Amino acid sequence: MRGLLTLATTTHPAVDPGSGLVLDPGTAWILNPRVAVRPEPFGALLYHFGTRRLSFLKDTRLVDLVTALADFPSVDATFTALGIDEAARPGYVSALQRLADTDMLLPAPRHD
Numbered sequence: 624m625r626g627l628l629t630l631a632t633t634t635h636p637a638v639d640p641g642s643g644l645v646l647d648p649g650t651a652w653i654l655n656p657r658v659a660v661r662p663e664p665f666g667a668l669l670y671h672f673g674t675r676r677l678s679f680l681k682d683t684r685l686v687d688l689v690t691a692l693a694d695f696p697s698v699d700a701t702f703t704a705l706g707i708d709e710a711a712r713p714g715y716v717s718a719l720q721r722l723a724d725t726d727m728l729l730p731a732p733r734h735d
């Protein structure tokens, strides 16, 4: 049997898709709790249970990045922890921005 979708159980305030959020790599981002990640041989499928949108991640390093975001204080810290070099980061920031534009990623809640 293929891998099952896994769904995060945390809550996060709703963010309007297409709200124009700009992904700043110096800040923390998380996978939207309404998004399930299904590992696949090519990478992963992301399914948003709210919008019913399906996204394909065809880069295993991008999958690792997306699933590790919640473990670090910023996107930049995640890059460093995963060993993603400076030259490759702009491409990953662009991919993460596209995921943020489709409500797959959200700014992490602040803990002041």
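So for the sequence shown, the working numbering puts the first residue at 624; every next one is plus one.
Don't be surprised by glycine CBs; every beta carbon is placed ideally from N, CA and C.
Since we're looking at a predicted model, the values are computed, not measured.
So residue i packs on residue j, CB below 8 Å; how close in whole Å?
i: residue 701; j: residue 691; result: 5 Å
Applying the criterion that 16 or more other CB atoms from any shown protein chain within 10 Å of the CB defines a buried residue, is residue i buried or exposed?
i: residue 708; result: exposed
i: residue 705; result: exposed
i: residue 726; result: buried
Quick one: what's got a C-beta closer than 7 Å to residue i's C-beta in the same chain, skipping five residues either side?
i: residue 657; result: 671, 672, 673
Look up residue i in the DSSP assignment and say whether it is helix, strand or coil.
i: residue 658; result: strand
i: residue 664; result: coil
i: residue 702; result: helix
i: residue 697; result: coil
i: residue 724; result: helix
i: residue 679; result: strand
Starting from the C-beta of residue i, find all residues in its chain whose C-beta is less than 6 Å away, skip the five residues before and the five after it, and write them out in chain order.
i: residue 665; result: 681
i: residue 696; result: 651
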